[in-house]
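Every number in our numbering is 1225 more than the matching position in the sequence shown, counting from 1.
Input: a single structure, listed below in structure tokens.
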Amino acid sequence: MPQDTTRLDSKVAFLSGHPMFSDIDRGALVQLCHYAKTRKYRKGAVVFSKGDPGDRLLAVMSGTVKIGISAASGRSTIFNLVGAGELIGEIAFLDGSPRTADAVANSACEILSFDKRDFQPFMASQPALLLKFIDLLCRRLRWVSQHVEQIGLPDLQTRLARTLIRLGARDPSAAANGKVAVTQQELSEMIGMSRESINRQLRAWVAQGWLQLGHGHVIVRDHAALQATAAEDAPAG
């Protein structure tokens, strides 16, 4: 069917432009994409839950996905906001353990998924891809270390500045205009401070001319000032 061909071509085009898969022969990607599935999620839909089996590797084709956990009290903690082009669920997928967090569509999004029984033989035939997954896991470990360090900082300004800079670097096209797509509630859940505290600090920076607040986003006007604040209390070395 023409529609199936179009869908297959879109999957192959996405992977061909992805840094994890860009060096792989197109024919091999076509074969892999025959088994890959795409699914659209509405905002707020659960992609997977903590404790689910790690039987799929997922790639965000469009939109954003929120990775975090929810306590019985109803309080939520956001570990990360994952945008288009990023992989999610790779740790449970690789080690065979249950998911360690929830993944929820933070906006309408489309996700490409690979079943473990299809992807593992493919990965075994691609040594370069194995090395890229090792590199990805190392980057994830560094990110976790930085996240733990950030949570330990008592200073709200430093934590908030670092979070805005990290989120801004996620989307180079938006970062060029200083736009960071994040709500104050999401910042609260990522940093572990009240929304009221986040709002007060953001408005203080608005008054200083550092930021502009919008609906569901922040625009950084003085990146150098934010960088200087983020560098405070940073360990040497």
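Using N, Cα and C, we set each Cβ at its ideal position, and we do this for glycine too.
request  = Could you say if the stretch 1258-1265 and the stretch 1298-1314 meet the contact criterion of at least three C-beta pairs nearer than 8 angstroms?
outcome  = no
task = State the Cα-Cα distance for the pair G1242 and L1356, rounded to the nearest angstrom.
result = Taking the first residue of the sequence shown as position 1, residue 1242 is located at position 17. Taking the first residue of the sequence shown as position 1, residue 1356 is located at position 131. Cα-Cα distance, rounded: 18 angstroms.
task = Just confirm the distance between the C-beta atoms of I1292 and A1330, as a whole number of angstroms; I'd bet it's less than 8 angstroms.
result = The sequence position of residue 1292 within the sequence shown is 67, counting from 1. The sequence position of residue 1330 within the sequence shown is 105, counting from 1. The pair is not a contact, with the Cβ atoms about 11 angstroms apart (cut-off 8 angstroms).
Assigned exposure category for A1349 - 16 Cβ within 10 Å defines buried = Position 124 of the sequence shown holds residue 1349. So A1349 ends up on the exposed side.
ask   = Within the chosen definition, does the stretch 1336-1347 reach the stretch 1264-1281 through at least 3 CB pairs nearer than 8 angstroms?
value = yes
message = When you compare the CB positions of Q1452 and R1446, do they come within less than 8 angstroms of one another, or not?
response = Taking the sequence shown and counting its residues from 1, one reaches residue 1452 at position 227. Taking the sequence shown and counting its residues from 1, one reaches residue 1446 at position 221. It is not a contact, given that the beta carbons lie outside the stated cut-off.
message = One question on the structure: do A1328 and I1313 come within less than 8 angstroms of each other, judged by their Cβ atoms?
response = On the sequence shown, position 103 is the one that residue 1328 refers to. On the sequence shown, position 88 is the one that residue 1313 refers to. The answer is yes: Cβ separation under 8 angstroms.
ask   = Skipping 5 residues on each side, what residues in its chain have a beta carbon closer than 7 angstroms to that of N1424?
value = Against the sequence shown, residue 1424 aligns to sequence position 199. Taken in chain order, the residues that qualify are Q1409.
request  = Would you identify the three-state DSSP class for Q1256, choosing helix, strand or coil?
outcome  = Residue numbering aside, residue 1256 sits at position 31 when the sequence shown is read from its first letter. Residue state, collapsed to three classes: helix.
task = Look at the alpha carbon of K1236 and the alpha carbon of S1287, and state the distance between them as a whole number of angstroms.
result = The count along the sequence shown starts at 1 and reaches residue 1236 at position 11. The count along the sequence shown starts at 1 and reaches residue 1287 at position 62. Each residue's Cα considered, the two are about 12 angstroms apart.
message = Please state the DSSP three-state secondary structure of S1274.
response = Against the sequence shown, residue 1274 aligns to sequence position 49. Residue state, collapsed to three classes: coil.
key: E1335 in three-state terms, based on DSSP   = The residue given as residue 1335 occupies position 110 in the sequence shown. Correct three-state label for E1335: strand.
key: Length-filtered (4 minimum) alpha helix (DSSP H) runs lying within the stretch 1282-1334   = 1315-1320
ask   = Pick from D1340, D1248, L1337 and S1274: whose alpha carbon is nearest that of L1354?
value = For the purposes of this step, residue 1354 is taken as the residue at position 129 of the sequence shown. Answer by Cα proximity: D1248.
task = Within the same chain, show all residues whose beta-carbon is closer than 6 angstroms to that of M1418, passing over the 5 residues directly before and after it, in chain order.
result = If you number the sequence shown from 1, residue 1418 lands on position 193. So the list reads L1381, once near-sequence residues are dropped.
request  = Would you kindly work out how many angstroms separate the C-alpha atoms of L1257 and L1240, rounded to a whole number?
outcome  = For the purposes of this step, residue 1257 is taken as residue 32 along the sequence shown, with counting starting at 1. For the purposes of this step, residue 1240 is taken as residue 15 along the sequence shown, with counting starting at 1. Between L1257 and L1240, the C-alpha separation is close to 10 angstroms.
query = What are the start and end residues of the beta strand (DSSP E) that includes K1262?
reply = Working through the sequence shown from its first residue, we reach residue 1262 at position 37. Counting along the chain, the beta strand (DSSP E) containing K1262 begins and ends at K1262 to Y1266.
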